[in-house]
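In what follows, a structure is listed as structure tokens, so that the remarks can point back to it.
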Amino acid sequence: MKKNYPPGPPLRALPGLLKKLAVDRLGLMRDAAALGDAVRVSMGPKKLYIFNRPDYAKHVLADNSANYHKGIGLVQAKRALGEGLLTSDGEVWRAQRKTLQPAFKPGRIAEQANAVAEEATKLVSVLRNHESAGPVDVLEQVTGLTLGVLGRTLLDSDLGAYDSVAHAFEEVQDQAMFEMVTQGMVPSLLPLPGELRFRRARRELRRVVDHLVADRAARLADDEVPDDALARIIMAADREGDVRAARRKLQNELITLLLAGHETTASTLGWTFHLLAGHPQVRDLVREEAMTVLGDGMPRVEDLHKLTYTTKVVQEAMRLYPPVWVLPRIAQQVDEVGGYTVSAKADVLVCPYVLHRNPDLWDDPERFDPGRFDPPRVANRPRYAYLPFGAGPRFCVGSNLGMMEAVFVTAIVTRDLTLRPVPGHDAVAEPMLSLRMRGGLPMTVHPAG
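Residue numbers for the sequence shown follow the working numbering, so the first one is 3 and each next one is one higher.
Next comes the structure, spelled out in structure tokens:
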């Protein structure tokens, strides 16, 4: 096969790109997208392919997904997550997905609407305590909410006592990004400050999940049909012959579930409230819809399809700030994408953050416009132009729960309160394993209206 590699940046630009890999990963992706829809960057022995077209994304993520295993960033995260659902491949991943899938079936998710609504009501009460009392970090509060929802809906556990989890995941991600940037050239045996923080965080996460497993296992016998995610993980591990391997498998899968189950939705809610605060006319429409659909009560599952405008607001927030901002893969064999040769073992990136800003796909792409998700406009857009939950076989298993949670919480909080930005604070996107907000989201809380 004749090799036709994608074009790359001029050699003089490489030092700047390498620097951006360390300090401005979103800038690196934007610069690459400006060079074309397919770009090949050589970083020493590494070959990095960046694709920015829906049909290219479809090939990598769906049509030939078996050839593309999890890649840069997630490989480094394995030191903490092990072979969990986010990082595993092949038969290991398929077995994990089969174990977890029933816990996310539509009928079961519908049963969890009350838990989501109750946690949202608790959040409103906490935020009300900060009315006229100075700024509150809304991101910290919604992170607590998402952990609460995760515990009740998927783990049959109370995560309120484990406030160390969110901080531990920050340390894990910081180290994973450091190892990605340094390409593994800094030995993990060196007791550098980041490495020591990572080890403490990993120990804390393992302590937490061991406690959760012990507590849930003790209650399994009392359940007629235990079908929450944690119960299913425990029962699958019990079928393992090797006790030590079973314990590590439990740890890996539960740590992964804790990370994926709370951080992406917390990120989505943080960006949604940030955008609503900057667009009061949109916030008023969300409030009006919530009052019409919900009145002064809590949402029920059948209300989800009635909160159409709120859903579009959340979708648009995820377009501008997709919680999973990049989908990294490693090509197992030589492949061809859109006529371009992809080398075996090359790192391949599909970046929703830049795909969602492609001006060929989105009019005035930097503008916040929930109307983009009106049905006629969606119908005229390529399917793979919008990838907030990934695509193909690795499409996010928790997408339905995540959307219900984000829509209900946005509706309830906006109906009951007005959140305003703190003057002088800029919301800065921090691309880690998810698209976090650097420095949190300080806001002041005011009555609705």
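All C-beta atoms in this analysis are idealised placements derived from N, C-alpha and C, irrespective of residue type, glycine included. These numbers were taken from a predicted model, which means no experiment stands behind them.
Could you check how far apart the C-beta atoms of residue i and residue j are, in whole angstroms? I think they sit under 8 Å.
| i | j | result |
| --- | --- | --- |
| LEU329 | GLY400 | Going by Cβ atoms, the distance from LEU329 to GLY400 rounds to 16 Å, so no, they are not a contact pair. |
| LEU271 | VAL144 | 4 Å |
| ALA79 | LEU435 | 6 Å |
| TYR323 | LEU232 | That belief does not hold up - the Cβ atoms of TYR323 and LEU232 are roughly 29 Å apart, past 8 Å. |
| VAL316 | THR267 | The pair is not a contact, with the Cβ atoms about 10 Å apart (cut-off 8 Å). |
| VAL41 | LEU19 | Going by Cβ atoms, the distance from VAL41 to LEU19 rounds to 10 Å, so no, they are not a contact pair. |
Quick check: what's the CA-CA separation for residue i versus residue j?
| i | j | result |
| --- | --- | --- |
| ALA112 | LYS308 | 15 Å |
| ARG199 | GLU181 | 14 Å |
| SER1 | ALA387 | An answer regarding residue 1 cannot be provided, because it is not within the stretch 3 to 451 covered by the chain. |
| LYS48 | ILE332 | 11 Å |
| ARG250 | VAL215 | 12 Å |
| ASP57 | ALA64 | 10 Å |
| LEU149 | GLU265 | 8 Å |
| ARG221 | ASP158 | 10 Å |
| ARG321 | SER90 | 26 Å |
| ASP362 | GLY38 | 12 Å |
| ARG379 | LEU28 | 27 Å |
| ILE1 | ASP225 | The requested residue 1 does not occur in the structure, where the chain is confined to residues 3 to 451. |
| TRP364 | ARG374 | 8 Å |
| LEU296 | ALA413 | 9 Å |
| THR469 | LEU252 | This structure cannot speak to residue 469, because the chain is shown only from 3 to 451. |
| VAL288 | ALA450 | 12 Å |
| VAL151 | VAL188 | 38 Å |
| SER190 | PHE397 | 32 Å |
| LEU102 | ASP230 | 9 Å |
| GLY153 | ARG55 | 37 Å |
| LEU389 | VAL77 | 21 Å |
| THR446 | ARG96 | 45 Å |
| ALA117 | ARG246 | 35 Å |
With 16 other CB atoms within 10 Å as the buried threshold, where does residue i fall?
| i | result |
| --- | --- |
| GLY280 | exposed |
| GLN335 | exposed |
| HIS213 | exposed |
| PRO372 | buried |
| THR294 | exposed |
| VAL415 | buried |
| VAL424 | exposed |
| LEU192 | exposed |
| ASP349 | buried |
| LYS314 | buried |
| VAL430 | exposed |
| PRO301 | buried |
| VAL492 | Outside the displayed range of the chain (3 to 451) lies residue 492, so it cannot be described from this structure. |
| GLY92 | exposed |
| ARG218 | buried |
Identify whether residue i lies in helix, strand or coil by the three-state DSSP scheme.
| i | result |
| --- | --- |
| GLU121 | helix |
| ILE74 | coil |
| SER44 | strand |
| LYS308 | helix |
| ALA15 | helix |
| ASP224 | helix |
| ASP349 | strand |
| PRO324 | coil |
| THR148 | helix |
| THR89 | coil |
| HIS448 | strand |
| GLY392 | strand |
| THR343 | strand |
| ARG130 | helix |
| PHE53 | strand |
| THR420 | strand |
| PRO330 | strand |
| LEU403 | helix |
| GLU338 | strand |
| ALA431 | strand |
Please identify the residue among the options whose C-alpha is closest to the C-alpha of residue i.
| i | options | result |
| --- | --- | --- |
| ASP176 | ARG99, ASN69, LEU419 and GLU432 | GLU432 |
| LYS5 | ASP376, ASP365, PHE370 and GLY340 | GLY340 |
| ASP160 | PRO193, PRO137, GLU121 and PHE375 | GLU121 |
| LEU443 | VAL138, ARG42, TYR51 and PRO12 | VAL138 |
| GLU197 | TYR355, GLU173, GLY263 and MET187 | GLU173 |
| TYR342 | VAL62, MET31, LEU13 and LYS22 | VAL62 |
| ASN402 | ALA59, LEU156 and ASP298 | LEU156 |
| ILE10 | ALA35, LEU23, ALA24 and ARG331 | The sequence given here has Gly at residue 10, not Ile. Closest option to GLY10, Cα to Cα, is ALA35. |
| GLU304 | ASP39, ARG440 and PHE410 | PHE410 |
| ARG385 | LYS60, LYS22, MET45 and ARG32 | LYS60 |
| GLY75 | ASP376, GLN114, VAL380 and TRP327 | TRP327 |
| GLU368 | VAL140, TYR311, ASP286 and LEU277 | LEU277 |
| VAL356 | PRO377, ASN382, ASP376 and PRO325 | PRO325 |
| ASP298 | ALA97, GLN114, ALA117 and LEU419 | LEU419 |
| ASP376 | ALA203, GLU318 and ARG440 | GLU318 |
| VAL211 | ARG241, ARG246, GLU255 and ALA238 | GLU255 |
| PHE106 | ASP428, ARG417, MET405 and GLY426 | MET405 |
Are any of the Cβ atoms in chain B nearer than 8 Å to that of residue i?
| i | result |
| --- | --- |
| ALA279 | Among the chains in the structure shown there is no chain B, since it carries only a single protein chain. |
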